[in-house]
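Trainee: Read top to bottom, the protein sequences are chains F and S. First residue of the first sequence? That's 1 in UniProt numbering, and the numbers climb one at a time after it. First residue of the second sequence? That's 1 in UniProt numbering, and the numbers climb one at a time after it.
There are 2 protein chains.
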Amino acid sequence: MTTAAPAEDTRTRLLGTALRLFAEHGVEGTSLQMIADALGVTKAAVYYHFKTKAEITEAVAAPAIRELDHIVSEAAKQRRRGTQVDYLLEGFVDLVVRHRVLVALFSSDPGINRAIENSTRGMEGFKNALIDILAGPEPDISSRVAALVTLTGLAMTGGSPDIAQLDDESLRRELVDVGRRLLGRPRRHHD
Amino acid sequence: MTTAAPAEDTRTRLLGTALRLFAEHGVEGTSLQMIADALGVTKAAVYYHFKTKAEITEAVAAPAIRELDHIVSEAAKQRRRGTQVDYLLEGFVDLVVRHRVLVALFSSDPGINRAIENSTRGMEGFKNALIDILAGPEPDISSRVAALVTLTGLAMTGGSPDIAQLDDESLRRELVDVGRRLLGRPRRHHD
């Protein structure tokens, strides 16, 4: 096949390649030229889709942010407190595990933060929505601290190179177990 | 008094001022000129002590890194496993709480990471030493994950603006409690 790939395809490939290069060289250490080279296209072709690296970083993070938004909304719809916590915890862990390469970049690159900032909820909105569900309405300080440790600890651990060798299913199980212990949820039965 | 302050004093004041400005404007958003202005000295006076902002960032982080090194060594000397974990957990939390402004910068600035990298143990050395004590010798994956969530979660929460209004003593107690729960240590009796 020698026909050019459709534009949407190039955009998707571009974002996948950008994430791979970001993970390897850091966002800082990746240039538009490097992305173009890795894709085998001209820099002009990259420019056609994105004007700056910041735009690329935001676009790389966008799908995960949309998913998180969806998880939060769905969790809030659950009738019982326990079900809300379980839904959010499992959804959050699943998201962290599936996007671990992206999550690993989160702490080192302000571009990812910017992507969250520019989303509908904004950074504060997300944090508050997540904590509201995990810590419950009018939480005492212990519940608030536990919710914060859960969110930050699970995200940082999920993105950590220390457990990169762990398969998705095992990592998911370990993180959910730790989260349940932190949030005072009963132990799950593993079969 | 119109006599010039001794050099050591200026250096200490410089680092305190730098940390304050870093917290306010980010490391990125703070220039040597801003530090000089805030101190009421010339930029040349700042240069006398530090040639680059990177050197300042490293010097700002150095005392906390030395303290952590000391805590790890002392914890390793304790005879019983439980005492080692308790010693490290309490020392780590105390460090995070006393240096919360610095800890808050940690996740957003590579300069702090560089300071750890340049320390005797290096980043890997620190992480391994901390995990070895918290997870125990030849840990299973659950203990390793719990140790990682503990370290990252406690540090990120301690540095979080969400609990900035909490006094040191309360924050210390909350974080140690969460850490004990995560590491499977028995609950402490608060009096």
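Positions of the beta carbon are idealized from the N, C-alpha and C atoms, including for glycine.
Terminal residues of the continuous alpha helix (DSSP H) containing F:D177?
Mentor: D168 to L183
Trainee: Under the rule that 16 or more other beta-carbon atoms within 10 Å means buried, what is S:G16, buried or exposed?
Mentor: exposed
Trainee: Identify which residue in F:E90, F:H70, F:S160 and F:V27 has its Cα closest to the Cα of F:F126.
Mentor: F:H70
Trainee: Could you run through the UniProt domain "HTH tetR-type" (8-68) of chain F and flag, in chain order, every residue whose CB is less than 7 Å away from some CB of chain S?
Mentor: none
Trainee: Identify the contact partners of F:A164 in chain S, using a Cβ-Cβ distance below 7 Å as the criterion.
Mentor: Residues of chain S passing the Cβ test: none, with the nearest at roughly 12 Å.
Trainee: Going by DSSP in three states, S:D140 sits in which element: helix, strand or coil?
Mentor: Looking at S:D140 - three-state DSSP - the assignment turns out to be coil, as it is neither helix nor strand.
Trainee: Quick one: residues in its chain with C-beta nearer than 8 Å to the C-beta of S:I131, no 5 flanking neighbours on either side, listed in chain order?
Mentor: P139, R144, A147, L148 and L151
Trainee: Does the distance between the C-beta of S:F106 and the nearest non-hydrogen atom of the ligand FAD fall short of 6 Å?
Mentor: Inclusion of the ligand FAD in the displayed structure is not the case, the ligand content being empty and no account of it being possible.
Trainee: Taking 7 Å as the cut-off, decide whether the C-beta atoms of F:R100 and F:G158 are in contact.
Mentor: yes
Trainee: Measure from the C-beta of F:V97 to each C-beta in chain S and report whether the shortest distance is under 7 Å.
Mentor: no
Trainee: Could you tell me the alpha carbon to alpha carbon distance between F:R172 and S:P63, rounded to whole angstroms?
Mentor: 37 Å
Trainee: State whether the stretch 78-89 of chain F contacts the stretch 171-186 of chain F, with contact taken as three or more CB pairs (one from each stretch) at a distance under 8 Å.
Mentor: yes
Trainee: For S:P63, which of helix, strand or coil comes out of DSSP?
Mentor: helix
Trainee: Assign S:D109 to one of three DSSP states: helix, strand, or coil.
Mentor: Coil.
Trainee: Taking the alpha helix (DSSP H) that S:D162 falls in, what are its first and last residues?
Mentor: Element bounds for S:D162: n/a, residue is neither H nor E.
Trainee: With burial defined as no fewer than 16 other Cβ atoms inside 10 Å of the residue's Cβ, what is the status of F:S160: buried or exposed?
Mentor: With 16 or more other Cβ atoms within 10 Å, it is buried.
Trainee: Since S:E174 and F:I133 should fall inside the 8 Å C-beta cutoff, what is the C-beta to C-beta distance between them, to a whole number of angstroms?
Mentor: That pair is no contact at about 20 Å.
Trainee: For chain F, find out if any of its Cβ atoms is closer than 7 Å to the Cβ of S:V176; answer yes or no.
Mentor: no
Trainee: Quick check: is the beta carbon of S:A146 nearer than 7 Å to any beta carbon in chain F?
Mentor: yes
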